[in-house]
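Top line first, the protein sequences correspond to chains Z and V.
In terms of our numbering, the first sequence opens at residue 120 and continues consecutively.
In terms of our numbering, the second sequence opens at residue 27 and continues consecutively.
Backbone N, C-alpha and C define an ideal beta-carbon position, used for all residues, glycine too.
A quick note: this is a predicted structure, and the numbers were derived from the prediction, not measured.
Single-structure report; data block below.
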Amino acid sequence: MALILPPLAPAADEPVGDAPRVDRRVYLAERVVGAAIGAVFALPAGFVLWRTFRLHASLSDALDQIPAPLWRTVQLAVLVSVSAAVIGTALAWLTVRTDLPMRRVWRVVLVLPLVLPSFVGAAAFITGLAPGGIIHDALGAVGVAPPRRFRGLGASWLVLTAFTYPYVLLPVSARLVTVRSSMEESARLLGMTATQAFLRVTVPQLRPAILGGSLLVFLYTLSEFGAVQLLGYDTLTRVIYATRQVDRSLSFSAASVLLVFAVVVVAFERRMRGPARPDPGAARRSGTPVALGWVAIPATLACLAVAAVGLLVPIASLATWARRGLADGRVGLGDYLDPAISTAGVAIMAAVVAVVVVAPIAVTTTRRPNVASSVAAGAVVGGFAIPGLVIALALAVLALNTPTLGSLYQTMALLIIAYVIHFGSQALASTEQAVRAVPTKLRESSRLLDDSSIRRFFRIDLPLMRPGLLAGGGLVMLATLKELPATLLLAPIGFSTLATEIWASFEEGFYAATGLASLVLIALSALLTWLLVLRHSEVTGR
Amino acid sequence: MSRTLPARAACAGLLALVLAACGSDGDEPAATGDPVTAATAEPAASGATSVTIYSGRNEELIQPILDSFSEATGIEVRAKYGDSADLALLIDEEAAAGRVEADVFLSQSPGSIGFLDDLGRLAPLPADVLELVPEAVRDDDGRWVGFSGRQRVLVYNPELVAADELPDSVFGLTDERWRGQIGVAPSNGSFQDFVTSMRATEGDDDTKRFLEALAANDPVSYPKNSAIVAAVARGEVAVGLVNHYYNYRALEEDPSIPSLNHQFAPDDPGSILIVTGAAIVEGTDRADVAAQLIAFLLGPEGQQYFATETFEYPLAAGRQPAPQIPPIDFADVGGIDFDQLGGGLGSTREMIADAGLEG
Chain Z
120 MALILPPLAP
130 AADEPVGDAP
140 RVDRRVYLAE
150 RVVGAAIGAV
160 FALPAGFVLW
170 RTFRLHASLS
180 DALDQIPAPL
190 WRTVQLAVLV
200 SVSAAVIGTA
210 LAWLTVRTDL
220 PMRRVWRVVL
230 VLPLVLPSFV
240 GAAAFITGLA
250 PGGIIHDALG
260 AVGVAPPRRF
270 RGLGASWLVL
280 TAFTYPYVLL
290 PVSARLVTVR
300 SSMEESARLL
310 GMTATQAFLR
320 VTVPQLRPAI
330 LGGSLLVFLY
340 TLSEFGAVQL
350 LGYDTLTRVI
360 YATRQVDRSL
370 SFSAASVLLV
380 FAVVVVAFER
390 RMRGPARPDP
400 GAARRSGTPV
410 ALGWVAIPAT
420 LACLAVAAVG
430 LLVPIASLAT
440 WARRGLADGR
450 VGLGDYLDPA
460 ISTAGVAIMA
470 AVVAVVVVAP
480 IAVTTTRRPN
490 VASSVAAGAV
500 VGGFAIPGLV
510 IALALAVLAL
520 NTPTLGSLYQ
530 TMALLIIAYV
540 IHFGSQALAS
550 TEQAVRAVPT
560 KLRESSRLLD
570 DSSIRRFFRI
580 DLPLMRPGLL
590 AGGGLVMLAT
600 LKELPATLLL
610 APIGFSTLAT
620 EIWASFEEGF
630 YAATGLASLV
640 LIALSALLTW
650 LLVLRHSEVT
660 GR
Chain V
27 MSRTLPARAA
37 CAGLLALVLA
47 ACGSDGDEPA
57 ATGDPVTAAT
67 AEPAASGATS
77 VTIYSGRNEE
87 LIQPILDSFS
97 EATGIEVRAK
107 YGDSADLALL
117 IDEEAAAGRV
127 EADVFLSQSP
137 GSIGFLDDLG
147 RLAPLPADVL
157 ELVPEAVRDD
167 DGRWVGFSGR
177 QRVLVYNPEL
187 VAADELPDSV
197 FGLTDERWRG
207 QIGVAPSNGS
217 FQDFVTSMRA
227 TEGDDDTKRF
237 LEALAANDPV
247 SYPKNSAIVA
257 AVARGEVAVG
267 LVNHYYNYRA
277 LEEDPSIPSL
287 NHQFAPDDPG
297 SILIVTGAAI
307 VEGTDRADVA
317 AQLIAFLLGP
327 EGQQYFATET
337 FEYPLAAGRQ
347 PAPQIPPIDF
357 ADVGGIDFDQ
367 LGGGLGSTRE
377 MIADAGLEG
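What follows is the structure, encoded as structure tokens:
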């Protein structure tokens, strides 16, 4: 990961955070911890490069077979991340800053499209467009001839956008809760419309959150395999998968190319985002919500449209499948109780571990940025671009060949490590937001009033950081709930999750079981998101 | 779980024991299906009370028969499910690190078995297990055995195409009539197995010409067989190259779908039989229970399950497929030279890619 460029150093004349008060030992400790965490996250990348080198990959094969799929991957990733950024940001503002009717409900509903494994989402879309499907009938009702085939770049773009925009929505919402609304209000007093004030005043403050979220969408699209396969769009991941057994050197070359590309993108994003700095001024609750007036109607329609595409269409298709199986007793809800419980368990564990592990990096990159911390952050983010299968293989090889780690093989511990490496990036962006949400001045003044740093952390920092930490943990949780390739490869024997159940039934066309298990997954994700994340997301500091 | 070297060394001896125990009925295995019952009567020679399988075959299509095995023998079956290719890679990595985690490998595709065989990761199977099936569906070197078969067929939508229009040979699909109407799964193992088989019977030049002509006929790519059947059923394409049982599976889910199977002529390269294979992993110290499990899959109960529950062709001599499945004669169906598969699969994939079928 040495290719990562350090982010722009903060201007020298501008002290960042509380730099003067921290002594040398803390600096050193931060660097060592950051480097160690980064090294763990960089393991799969190191494995890919090492294997590519060891297998004597043929450059001409790679040049022959990689550029075209890579180009298609790039096109798709750019399109999806731009549209997800626009939709995610707009919805975040509507549900956090305005008096949109039923905004609390929307806050849960609009996050949910994230919970579907994307291959299920794609299959549900294809079914929805088939005769008898919900989209087919809806289009027919308004006199539009449904397309005979739903595939290619356009289809992949629509499906992936519909299922990934929450990656932007969640961190931007978390940021909006803590960012000052007074400036936006002043701008409106000076005659700007709500939209103008949002675009010119608020969006710049949201930039890191939007960029961070869009980057996640971008990397997700890079490593996506199941959905684009079903939608007949040929990407670089197809090369990695199709050749993993018959031409391992080509497979690893393709993975290396994906990796290097991801590193470049991550480095670029961190430069664009600029130095991450804590809020200079005190900021807590949002002010009065923006009154939408008649705009509430189109705004509600927009929310409905997004929910229809990302949630209603898949649920309708899944319900059609499930109903057939429930009717003749082939499947029952009871079948999914155990997998649901174990799925929830690992997902929560992975979320907590991920937030705790990336927190030191987030604190350093935000308050006292240095090269070590930004390389570590790059390694964390890059983990999301590596297909889960490759991460799983890397950890398996590592555990199998390291005497001290041998006993970890096929244990929950190794599986959780895989989840954290794969999804740590999702915790990082939001955790950085969380750290940024604690204003420097507040921290300085609190230091004068209370000597105990632990007490200060729990009374001052944590309440302010809570929305960001929960958003980060929530994203990791949702991603883990539906993770498939690493779970299949690394899970202890006999351990199954809802995602593995969905996969098992879907592979062989047991659609009734696929439908029911997917609906259980959606319900479980909604419940957990509400119970553990959204219910606690208001800033509670005093 | 890691096993010691002495245990490995003992493995050869144990195999001999299993052979001795079951060898007597080796000549007429299908008539009695006895290896299972014989082994059931006595505890396993290795003293193993459990057996670990890595199964590329789907849980939905095998777990019930594994449960029956446990019930009949008292041996616990620990199963890890996944894609055949991924599990084969994992077995290879485990072996490279000197560990044996899996005792049995069940592969959905002959390619993954060939991959492990080439790398020397498979142990020889006892002769009495091998002899349960005809020679055509087992390894010449005795390292794997087929336990169920799928025939390659053309699934079609009768609302879009009449049965008498369908070609007798897969080569007929290169006709202009089928332009843009054919569903294929070029990255799927079964399509690759079909192409490998065609290379063996028709030669590389003819296979290459066929693939290029097929690609030029504007086929639609899908990731797997079940997706093709679904696409044909909803009329997205008129016909598709698939394994026979997916359409029966789809009908089971939704009896209202119109799609039907069409068989090519028995000796056509398009109508080969693809077997799902079982093998014992090299180095395991539970080869006896592993062989016992494989014998059970080939016994009456196992074969009956594959015939009636998963709509496949049972491979043990004398077993019949389900009533709705047209019977086939293994001797007439073009067979893949499976021993060539492992090494040949890489060039098969290249050939498919070069023809422009992928992507």
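Buried or exposed: which applies to residue i, given that a residue is buried once 16 or more other Cβ atoms fall within 10 Å of its Cβ?
i: D60(V); result: Only weak support is given to the placement of D60(V): the predicted model assigns it a pLDDT of 44, under 50, and the value that follows is read from those uncertain coordinates. That one is buried.
i: L66(Z); result: In the structure displayed, chain Z extends from 120 to 661; residue 66(Z) sits before or after that span and is not available.
i: V664(Z); result: This structure does not reach residue 664(Z), given that chain Z is present from 120 up to 661, and the question cannot be answered.
i: D569(Z); result: exposed
i: Q350(V); result: exposed
i: T58(V); result: Because T58(V) carries a pLDDT of 38, less than 50, the predicted location of this residue cannot be relied on, and the following value inherits that uncertainty. Label assigned to T58(V): exposed.
i: Q346(V); result: exposed
i: D53(V); result: Only weak support is given to the placement of D53(V): the predicted model assigns it a pLDDT of 34, under 50, and the value that follows is read from those uncertain coordinates. Exposed is the call here.
i: Q218(V); result: buried
i: L650(Z); result: exposed
i: T336(V); result: buried
i: M221(Z); result: exposed
i: M377(V); result: buried
i: Q315(Z); result: exposed
i: M120(Z); result: With a pLDDT of 35 at M120(Z), under the threshold of 50, the modelled position of that residue is not reliable, and the figure given next carries that caveat. M120(Z) is buried by the Cβ-count criterion.
i: V159(V); result: buried
i: D143(V); result: buried
i: V171(V); result: buried
i: A148(Z); result: exposed
For residue i, list the residues DSSP reports as bridge partners.
i: G303(V); result: S133(V) and G172(V)
i: K106(V); result: Y80(V)
i: T217(Z); result: V409(Z)
i: N16(V); result: This structure leaves residue 16(V) out entirely; chain V is present only between 27 and 385.
i: G543(Z); result: Paired residue(s): none; G543(Z) is not in a bridge.
i: Y339(V); result: G175(V)
i: H175(Z); result: Paired residues: none, contrary to the question.
i: R164(V); result: V171(V)
i: L286(V); result: Y182(V)
i: S247(V); result: V210(V)
Please report the Cβ distance between residue i and residue j, rounded to the nearest whole angstrom; I am assuming they are in contact, meaning their Cβ atoms lie under 8 Å.
i: T171(Z); j: F371(Z); result: 4 Å
i: A346(Z); j: S275(Z); result: 7 Å
i: L231(Z); j: L430(Z); result: 6 Å
i: L235(Z); j: I641(Z); result: 7 Å
i: L519(Z); j: A556(Z); result: Not confirmed; about 42 Å, so no contact.
i: A553(Z); j: V652(Z); result: Contact doesn't hold; Cβ gap of about 13 Å is too wide.
i: L324(V); j: V155(V); result: 7 Å
i: F160(Z); j: I540(Z); result: 6 Å
i: G592(Z); j: A496(Z); result: G592(Z) to A496(Z), Cβ: 18 Å. No contact.
i: V163(V); j: P295(V); result: With 8 Å as the limit, V163(V) and P295(V) do not qualify as a contact, their Cβ atoms being about 17 Å apart.
i: V494(Z); j: V167(Z); result: In fact, because the Cβ distance is near 17 Å, the residues do not count as touching under 8 Å.
i: L607(Z); j: D112(V); result: 7 Å
i: G543(Z); j: G502(Z); result: 6 Å
i: A204(Z); j: V298(Z); result: Contact doesn't hold; Cβ gap of about 17 Å is too wide.
i: L219(Z); j: T407(Z); result: 14 Å between Cβ atoms; not a contact.
Notebook entry, point to check: Should the stretch 444-460 of chain Z be called in touch with the stretch 512-523 of chain Z, which here means at least 3 C-beta pairs below 8 Å?
Noted result: no
Note to self: Count Cβ pairs between the stretch 559-578 of chain Z and the stretch 615-625 of chain Z that sit closer than 8 Å; are there 3 or more?
What the structure shows: no
Checklist line | Any alpha helix (DSSP H) of 4 or more consecutive residues that is wholly inside the stretch 291-374 of chain Z | finding: Qualifying alpha helix (DSSP H) stretches, in chain order: 301-308, 313-316, 322-342, 345-349 and 355-361.
Notebook entry, point to check: Should the stretch 598-609 of chain Z be regarded as contacting the stretch 459-468 of chain Z, the criterion being three or more beta carbon pairs within less than 8 Å?
Noted result: Verdict: yes, contact present.
Margin query: Does the contact criterion of 3 or more C-beta pairs under 8 Å hold for the stretch 300-309 of chain V versus the stretch 129-148 of chain V?
Written below: yes
Check: Going along the chain, which unbroken runs of the alpha helix (DSSP H) with 4 or more residues stay wholly within the stretch 503-538 of chain Z?
Finding: 507-520
Next item on the list: Only counting runs of 4 or more residues, tell me where the alpha helix (DSSP H) segments fall wholly within the stretch 133-159 of chain V, in order along the chain.
Entry: 136-144 and 153-156
Next item on the list: Would you be able to state if there are at least three C-beta pairs under 8 Å between the stretch 317-334 of chain Z and the stretch 200-217 of chain Z?
Entry: Contact holds between the stretch 200-217 of chain Z and the stretch 317-334 of chain Z, because three or more Cβ pairs, one in each stretch, are under 8 Å apart.
Check: Do the stretch 74-86 of chain V and the stretch 310-326 of chain V touch if we need at least three Cβ pairs shorter than 8 Å?
Finding: yes
Check: Can at least three beta-carbon pairs, one atom from the stretch 173-186 of chain V and one from the stretch 287-302 of chain V, be found at a separation below 8 Å?
Finding: yes
Note to self: Counting beta carbon pairs with one atom in the stretch 159-179 of chain V and one in the stretch 241-248 of chain V, are three or more of them shorter than 8 Å?
What the structure shows: With a cut-off of 8 Å, the stretch 159-179 of chain V and the stretch 241-248 of chain V do not count as touching, because too few Cβ pairs lie within range.
Checklist line | Unbroken stretches of the alpha helix (DSSP H), 4 residues or longer, contained in the stretch 225-279 of chain Z | finding: 237-248 and 253-260
Checklist line | Within the stretch 138-208 of chain Z, ranges of the alpha helix (DSSP H) (whole runs, at least 4 residues) | finding: 143-173 and 178-184
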